[in-house]
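Per the working numbering, the sequence shown starts with residue -5, numbered consecutively. Even glycine gets a Cβ: it sits at the ideal position worked out from N, Cα and C. On a predicted model such as this, the values are computed, not experimentally measured, just so you know. Below: the structure, in structure tokens.
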Amino acid sequence: MADVRSFDELVAEGASVPTEGWDFSWFEGRATEARPSWGYARSMAGRLAGATAVLDVQTGGGEVLDFALAATGPDRAPLVVATEGWAPNVAEATRLLRPRGVPVVASADEAPLPFADGAFDLVVSRHPVEPHWDEVARVLAPGGSYFAQHVGPASVFELIEFFLGPLPEETRRHRRPERERADAEAAGLEVVELRAERLRMEFFDVGAVVHFLRKVVWMVPGFTVEAYRDRLRDLHERIQADGPFVAHSSRHLFDVRKP
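Shown next as structure tokens:
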């Protein structure tokens, strides 16, 4: 059912909620997103149990790694390190992961990983901005694995194009799994498994959309309520008339090995 509160009330709420970290619990009852069948966080927990030195690249607020470590229990790898490039998330991840003995290293997403060659037997990442395959290959020890969930092509484009209009075909094809497979293999890595799924999302009110676009800042670059107020009002009226706004996220799972 559409939210009966006014457009201004909903927008003001969505604009006021803090955006640090990757905790999406605020969206409960406001938006939904189907989850990939492989259950990345639980699958990561299984990998942590069999590793000795682990690197989590672009950990966000540390929530996924924290969940996986809790699920792993005492069998976790003895050495776990995380990197993050956005300062508010560095602070949030440090607060969450320090009690688990996991240092968080501030490192820009596009920068070389600040670790020695062959330092880790497992590298994990959930939704990296871009997979830097050469760096992953460099820091992995021979026989080590990269286990990651990536954002796929044209993810949530129904919502993005509602605000930005039709995007170029090359933009729609960016992040194709097969292109990333080729890049991984060019870096000397072996793709053991690659799975892809497209998953339904629903936004039940415009406040949820505002918060989502403030939190996932690359969806609509430069998004502000002021700049997009007219489109937000159009979206509010559409949800009121027709029900939830439907979009689809795109995800793929990489299980990659360094020979």
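Nearest neighbour of residue i, chosen from the options [CA to CA]
i: proline 253; options: Thr26, Arg194 and Val133; result: Val133
i: aspartate 60; options: Val118, Ser101 and Thr13; result: Val118
i: phenylalanine 248; options: Trp212, Glu172 and Arg223; result: Glu172
i: valine 204; options: Arg189, Arg223 and Leu193; result: Arg223
i: alanine 76; options: Pro97, Thr13, Phe217 and Gly182; result: Pro97
i: leucine 63; options: Ala87, Trp80, Glu78 and Met38; result: Met38
i: phenylalanine 109; options: Glu174, Val185, Ala131 and Asp17; result: Ala131
i: glutamate 14; options: Gly79, Asp111 and Glu155; result: Gly79
i: alanine 180; options: Pro68, Trp127, Gly112 and Val145; result: Trp127
i: glutamate 191; options: Pro72, Trp32 and Asp111; result: Trp32
Buried versus exposed, by CB contacts within 10 Å (16 or more), residue i
i: serine 139; result: buried
i: glycine 95; result: exposed
i: threonine 53; result: buried
i: proline 215; result: exposed
i: tryptophan 212; result: exposed
i: arginine 70; result: buried
i: aspartate 50; result: buried
i: valine 58; result: buried
i: alanine 25; result: buried
i: valine 74; result: buried
CA-to-CA distance, residue j to residue i, given in whole angstroms
i: glutamate 164; j: proline 147; result: 10 Å
i: arginine 225; j: leucine 116; result: 44 Å
i: valine 48; j: leucine 153; result: 35 Å
i: phenylalanine 157; j: alanine 235; result: 19 Å
i: glycine 44; j: leucine 207; result: 37 Å
i: threonine 66; j: leucine 42; result: 7 Å
i: arginine 258; j: phenylalanine 198; result: Here the chain comprises residues numbered -5 to 253, so residue 258 is not present and cannot be evaluated.
i: methionine -5; j: phenylalanine 239; result: With a pLDDT of only 46 at methionine -5, under the threshold of 50, the placement of this residue in the model should not be trusted, and no figure is reported.
i: proline 136; j: threonine 46; result: 13 Å
i: leucine 183; j: asparagine 83; result: 30 Å
i: valine 210; j: arginine 189; result: 24 Å
i: alanine 178; j: arginine 232; result: 42 Å
i: arginine 175; j: valine 185; result: 7 Å
i: alanine 6; j: proline 72; result: 45 Å
i: glycine 23; j: aspartate 228; result: 21 Å
i: aspartate 111; j: arginine 166; result: 35 Å
i: glutamate 187; j: phenylalanine 21; result: 32 Å
i: threonine 218; j: arginine -1; result: 21 Å
i: serine 10; j: proline 68; result: 39 Å
i: proline 12; j: glutamate 220; result: 18 Å
i: glycine 237; j: aspartate 17; result: 25 Å
i: alanine 102; j: glutamate 155; result: 28 Å
Within 9 Å, strictly: CB atoms of residue i and residue j
i: histidine 230; j: leucine 4; result: yes
i: leucine 91; j: glycine 56; result: yes
i: arginine 245; j: proline 93; result: no
i: glutamate 104; j: glutamate 86; result: no
i: proline 160; j: glutamate 129; result: no
i: alanine 241; j: glycine 8; result: no
i: methionine 195; j: alanine 35; result: no
i: phenylalanine 1; j: valine 200; result: yes
i: alanine 113; j: alanine 100; result: no
Integer Cβ distance of residue i from residue j, believed to fall under 8 Å
i: serine 243; j: valine 150; result: 6 Å
i: arginine 170; j: alanine 142; result: With a Cβ gap of about 16 Å, arginine 170 and alanine 142 do not count as contacting.
i: histidine 144; j: proline 162; result: Actually they are not in contact, since the Cβ atoms of histidine 144 and proline 162 sit about 21 Å apart, beyond 8 Å.
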